[in-house]
Amino acid sequence: MTIYGLIDCNAFYCSCQKAFDARLKRLPVVVLSNNDGCAIARSSEAKHLGIKMGDPWHLIRDQKKLGEVKWFSSNYPLYADMSRRVYQVLTEYTPKVEPYSIDEMFLDLSGLSGSLSERCETIRSRVEQITKIPTCIGWGASKTIAKLANYIAKDRPELEGLCDLTDDRVRERYYRNLPISEIWGVGRRLVPRLNSVGIRTIEQFVKADPAQVRQIMTMTGVRLQAELRGVSCLELSEMADVRKGLASTRSFGRPITCFSEMAEAVAGFAVRVTEKLRAEKLDAGHVSVFVQTNIHQRSNGWYANQASITCAPTQDALTMIGIVTRLLRTIWRDGYRYSKAGVQLNDLAPCGRQSSLFDKPHEQTSALMTAMDTLNRRYGRETVRPAATGVVRSWRPRQDMLSPRYTTELSEITEVRSF
DNA sequence: TCTGGGGTCCTAGGACCC
DNA sequence: TCTGGGGTCCTAGGACCC
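Heads up: the first sequence begins at 1 in the UniProt record's numbering, then just goes up one per residue.
1) Considering Cα atoms alone, identify which of Ala284, Arg333, Gly253, Met239 is closest to Phe290.
2) One question on the structure: do Cys38 and Gly54 come within less than 7 Å of each other, judged by their Cβ atoms?
3) Could you give the distance in angstroms between the alpha-carbon of Arg84 and the alpha-carbon of Ile321?
4) As a quick exercise: from Gln344, His286, Asn305, pick the residue whose alpha carbon is nearest that of Gln292.
5) Start and end of the beta strand (DSSP E) containing Lys288?
6) What residue range is occupied by the uninterrupted alpha helix (DSSP H) comprising Asp316?
7) Say whether the stretch 104–117 touches the stretch 250–259, bearing in mind that this needs 3 or more beta-carbon pairs closer than 8 Å, one atom from each stretch.
8) Could you check whether the stretch 338–350 touches the stretch 383–393, counting it as contact only if at least three pairs of C-beta atoms, one from each stretch, sit closer than 8 Å?
9) Give a yes or no on whether the C-beta atoms belonging to Cys351 and Leu282 are separated by under 7 Å.
10) Could you spell out where the beta strand (DSSP E) holding Trp57 opens and where it closes?
11) Assuming Val222 is part of the alpha helix (DSSP H), what are its boundary residues?
12) Look at the alpha carbon of Leu194 and the alpha carbon of Arg171, and state the distance between them as a whole number of angstroms.
13) Helix, strand or coil: how does DSSP classify Gly138 here?
14) On a Cα-Cα basis, can you pick out the residue from Glu280, Gln297, Val127, Gly253 that is closest to Thr314?
15) Kindly give me the distance between the Cβ atoms of Ile180 and Ile202, rounded to whole angstroms, as I take these residues to be in contact under 8 Å.
16) Are the stretch 153–164 and the stretch 21–30 in contact at 8 Å, needing three or more beta carbon pairs?
17) Could you give the C-beta distance for Gly253 and Asn35, rounded to a whole number, given that I count them as a contact under 8 Å?
18) Got a sec, what are the start and stop residues for the beta strand (DSSP E) Tyr4 sits in?
19) To which residues does DSSP link Cys38 through a beta bridge?
20) Any idea which residues DSSP pairs Phe72 with across the strands?
21) In whole angstroms, what is the alpha-carbon distance linking Pro361 and Arg353?
22) Starting from Ile130, follow the alpha helix (DSSP H) in both directions and report where the run begins and ends.
23) Shortest alpha-carbon distance to Ala262 belongs to which of Arg278, Lys276, Lys207, Trp395?
24) Per the DSSP calculation, Ser101 is bridged to which residue(s)?
25) Does the beta-carbon of Lys25 have 16 or more other beta-carbons within 10 angstroms, so that it is buried, or is it exposed?
26) Under the three-state reduction of DSSP, which class applies to Pro361: helix, strand or coil?
27) Count the other CB atoms within 10 Å of the CB of Asp316; is the residue buried (16 or more) or exposed (fewer)?
28) In or out: Pro95 buried (at least 16 other Cβ within 10 Å) or exposed?
29) Would DSSP call Lys18 helix, strand or coil?
30) Since Pro210 and Val222 should fall inside the 8 Å C-beta cutoff, what is the C-beta to C-beta distance between them, to a whole number of angstroms?
31) Using beta-carbon positions only, say whether residue 422 and Ser237 come within less than 7 Å of one another.
32) Taking only three categories from DSSP, how would you classify Leu190?
33) Identify the continuous alpha helix (DSSP H) that holds Thr374 and give its terminal residues.
34) Return the CA-CA distance between Asn294 and Ile309, expressed in angstroms with no decimal places.
35) Using a threshold of 7 Å, state whether the C-beta atoms of Ser403 and Asn75 are closer than that.
In structure tokens, the structure reads:
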């Protein structure tokens with residue numbers, strides 16, 4: 001029988017910041033979303049101050065007790081690289097590692113000899129020694145149980161970061177007291193609907209009539225019930241799945257009110273998504289553009305719309321700018337203060353496919369795109385970019401407290417001085 | 001003034017075809 | 001004028017995740 005483990009990095013983005021600045025060690029640290037909008041990671045010290053996930057930063061930054069909080073704009077190149085390092089360490093201990101998100105990885109613990117608790121403790125200390133990132137590990141007979149075990153390990157300090165749910169009786173004891181909201185896959189919409197038919201604890205969920213669960217949650221719910229009983233339905237996949245879609249979307253640093261600025265912004269998104277496409281050697285046959293005004297301020301008129309089109313598969317930035325600009329014209333309305341927009345690509349496939357009997361397979365990445373990618377890789381993002389993406393760009397998102405990309409940019413590496 | 005970005009899966013319903 | 005069943009594909013919308 002496979003034993004599934006889940007390792008999760010504690011307050012990952014904050015831990016990454018702390019890893020490169022010893023002065024932060026015992027201080028409350030908060031990392032903000034893009035546009036410095038809201039808190040998306042808090043160190044344990046910051047959690048103790050009462051800062052919640054998703055708190056709008058502009059509403060909490062002025063509170064007195066927050067004077068000592070160190071806050072950062074999010075720095076994804078740094079976090080992605082730290083995640084890769086954690087992955088590297090894990091592969092020393094188990095050959096089967098499935099990255100689930102930037103800070104979580106599923107492990108196949110079946111082959112490990114001796115006490116699993118001891119082995120997992122070794123893995124935790126090794127990850128912390130090499131990367132400076134603290135973690136928790138939970139394990140059990142299915143991914144859903146491993147996920148729950150991980151939550152318990154994090155929630156109860158007395159467990160010292162480890163939780164074993166392989167034993168039926170131990171599992172049932174937790175199921176009796178834990179609410180269904182702790183199940184992986186049961187979110188805020190489903191909780192009240194399940195509550196209304198008398199399902200409140202995980203124990204009640206597992207024992208509930210599958211037909212009733214199916215009615216509320218479709219097949220996903222029935223599968224979850226089986227997983228929680230220890231019948232594994234979700235396999236560990238070591239190969240990353242083929243990507244289904246790809247997007248670039250942003251909130252603006254200030255509202256956009258004129259078409260030409262929005263056209264620049266949307267062209268910028270087109271450049272960004274096609275850059276990702278070329279990096280993964282894909283092309284896209286379906287393109288969507290959306291725009292919207294601030295969802296939190298509907299009083300003076302709210303507008304949101306999207307348009308999409310099926311096109312000859314492409315990965316070319318200039319072609320994509322043409323497509324998204326045409327789509328934007330169909331949904332643009334004067335007189336609104338737009339706060340957010342984006343470009344979404346679908347129908348992805350390895351580039352070079354034949355789109356129809358009469359079209360030739362479109363040409364491989366053009367020399368221009370290759371040159372642009374090479375320059376931007378060597379000299380930094382946006383060293384060269386199409387003029388259609390704008391020059392002034394005063395609507396760009398805020399990033400007031402960006403830390404250096406310590407591990408991926410030579411020019412931003414930590415300096416050590418000795419006297 | 002200021003509230004993120006990027007994904008996945010599932011289902012229902014419409015268009016179209018034979 | 002009446003009148004069917006079954007299949008595929010696509011899209012929109014709803015739910016979830018980190």
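Glycine is no exception: its CB is placed at the ideal position from the N, C-alpha and C atoms. These numbers come from a predicted model, not from an experiment.
This is what the structure gives:
1) On the first sequence, residue 290 is found 290 positions in, with the first residue counted as 1. Measuring C-alpha to C-alpha distances from Phe290 to each of Ala284, Arg333, Gly253, Met239 identifies Arg333 as the nearest.
2) Translated into the one-based positions of the first sequence, residue 38 becomes position 38. Translated into the one-based positions of the first sequence, residue 54 becomes position 54. Contact: yes.
3) Walking along the first sequence from the start, residue 84 turns up at place 84. Walking along the first sequence from the start, residue 321 turns up at place 321. Cα-Cα distance, rounded: 32 Å.
4) Translated into the one-based positions of the first sequence, residue 292 becomes position 292. Of the listed residues, the one whose Cα sits closest to Gln292 is Asn305.
5) Your numbering for residue 288 matches position 288 in the first sequence. In the sequence as displayed, the identity of residue 288 is Ser instead of Lys. Start and end: 282–293.
6) Here residue 316 refers to the residue found at position 316 when the first sequence is read from its first residue. Segment: none, Asp316 is in no alpha helix (DSSP H) and carries neither H nor E.
7) Judged by pairs of C-beta atoms under 8 Å, the stretch 104–117 does not touch the stretch 250–259, as fewer than three such pairs exist.
8) Counting Cβ pairs under 8 Å, fewer than three are found: no touch.
9) The residue given as residue 351 occupies position 351 in the first sequence. The residue given as residue 282 occupies position 282 in the first sequence. Yes; because the gap between Cβ atoms is below 7 Å, this pair is in contact.
10) To locate residue 57, count along the first sequence from 1; it is residue 57. That residue, Trp57, is in no beta strand (DSSP E); its alpha helix (DSSP H) goes 57–60.
11) To locate residue 222, count along the first sequence from 1; it is residue 222. Secondary structure note for Val222: its alpha helix (DSSP H) is the uninterrupted segment 210–228.
12) Within the first sequence, the letter at position 194 stands for residue 194. Within the first sequence, the letter at position 171 stands for residue 171. Their backbone Cα atoms lie some 21 Å apart in a straight line.
13) The residue labelled residue 138 in the question sits at position 138 within the first sequence. Here DSSP, grouped into helix, strand and coil, assigns Gly138 to strand.
14) Sequence index remark: in the first sequence, residue 314 carries index 314 (1-based). Check the Cα spacing between Thr314 and each of Glu280, Gln297, Val127, Gly253: the tightest is with Glu280.
15) Here the question's residue 180 lines up with position 180 in the first sequence. Here the question's residue 202 lines up with position 202 in the first sequence. With a Cβ gap of about 6 Å, Ile180 and Ile202 count as contacting.
16) Taking one beta carbon from each stretch, the stretch 153–164 and the stretch 21–30 have fewer than 3 pairs nearer than 8 Å; the two do not touch.
17) Counted from its first residue, the first sequence places residue 253 at position 253. Counted from its first residue, the first sequence places residue 35 at position 35. About 7 Å; that satisfies the 8 Å criterion.
18) Indexing the first sequence from 1 puts residue 4 at position 4. Its beta strand (DSSP E) spans residues 4–9.
19) For this step, residue 38 is matched to residue 38 along the first sequence. Cys38 is bridged by DSSP to Pro56.
20) Taking the first residue of the first sequence as position 1, residue 72 is located at position 72. In the DSSP secondary-structure assignment, Phe72 is bridged to Val31.
21) Position 361 of the first sequence holds residue 361. Position 353 of the first sequence holds residue 353. Reliability fails at Pro361, whose pLDDT of 49 lies under 50, so the model's placement of it is uncertain and no value is given.
22) Taking the first residue of the first sequence as position 1, residue 130 is located at position 130. Boundaries of the alpha helix (DSSP H) around Ile130: 116–131.
23) As a working mapping, residue 262 is identified with position 262 in the first sequence. The sequence as given places Met at residue 262; Ala does not occur at that position. The candidate whose alpha carbon is nearest that of Met262 is Trp395.
24) By 1-based counting over the first sequence, the position of residue 101 is 101. Here Ser101 is bridged, per DSSP, to Glu104.
25) For the purposes of this step, residue 25 is identified with residue 25 of the first sequence, where counting begins at 1. Label assigned to Lys25: exposed.
26) The residue given as residue 361 occupies position 361 in the first sequence. With a pLDDT of only 49 at Pro361, under 50, the local geometry of the prediction cannot be trusted, and no value is derived from it.
27) In the first sequence, the residue the question calls residue 316 occupies position 316. Buried, since its Cβ has 16 or more Cβ neighbours within 10 Å.
28) The residue you call residue 95 lines up with position 95 of the first sequence. Flag for Pro95 reads exposed.
29) For the purposes of this step, residue 18 is identified with residue 18 of the first sequence, where counting begins at 1. Three-state result, Lys18: helix.
30) Taking the first residue of the first sequence as 1, we reach residue 210 at position 210. Taking the first residue of the first sequence as 1, we reach residue 222 at position 222. Going by Cβ atoms, the distance from Pro210 to Val222 rounds to 5 Å, so yes, they are a contact pair.
31) This structure does not reach residue 422, given that the chain is present from 1 up to 419, and the question cannot be answered.
32) Residue numbering aside, residue 190 sits at position 190 when the first sequence is read from its first letter. Helix, per DSSP.
33) The residue you call residue 374 lines up with position 374 of the first sequence. From DSSP, the alpha helix (DSSP H) with Thr374 extends over 367–379.
34) Here the question's residue 294 lines up with position 294 in the first sequence. Here the question's residue 309 lines up with position 309 in the first sequence. Asn294 and Ile309 have their alpha carbons spaced roughly 25 Å apart.
35) By 1-based counting over the first sequence, the position of residue 403 is 403. By 1-based counting over the first sequence, the position of residue 75 is 75. In this structure, Asn75 lies closer than 7 Å to Ser403 by Cβ.
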